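**Q** Numbering-wise, the numbering used here puts 14 at position 11 of the sequence shown, and it's gapless, one number per residue.
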Amino acid sequence: MEQKSEIKRIYRSRTERVIGGVCGGIAEYFGIDPTLVRLLWVFIILLAGTGILFYIICWIIIPKRSV
């Protein structure tokens, strides 16, 4: 039997977005609450300061979900 397995891809969210939809897209990908991802992101920004740069890179690289 041949099974087609669909590749799970990450997209920026169109519905769960505050700035660019990156945190919402990550939350949709992992099936968790977007607020948890946003809190984790703020923690990373405050802890290391690299979170802002990483968010901008993700915003550029991760495509928007098509309609």
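Note that CB positions come from ideal geometry on N, CA and C, so glycine has one too.
Keep in mind that this is a model prediction, so the values were computed, not measured.
1) For a minimum of 4 consecutive residues, which ranges assigned as the alpha helix (DSSP H) are wholly contained in the segment 5-69?
2) Determine the direct distance from the alpha carbon of glutamate 9 to that of valine 40, and round the result to whole angstroms.
3) In angstroms, rounded to a whole number, what distance separates the CA positions of tryptophan 44 and lysine 11?
4) Spatial neighbours of valine 25 within its chain, please: C-beta separation below 7 Å, excluding the five flanking residues on both sides.
**A** Let's see:
1) 25-33, 37-51, 54-64
2) 25 Å
3) 22 Å
4) So the qualifying residues of the chain are Arg15, Tyr58, Cys61, Trp62, Ile65.
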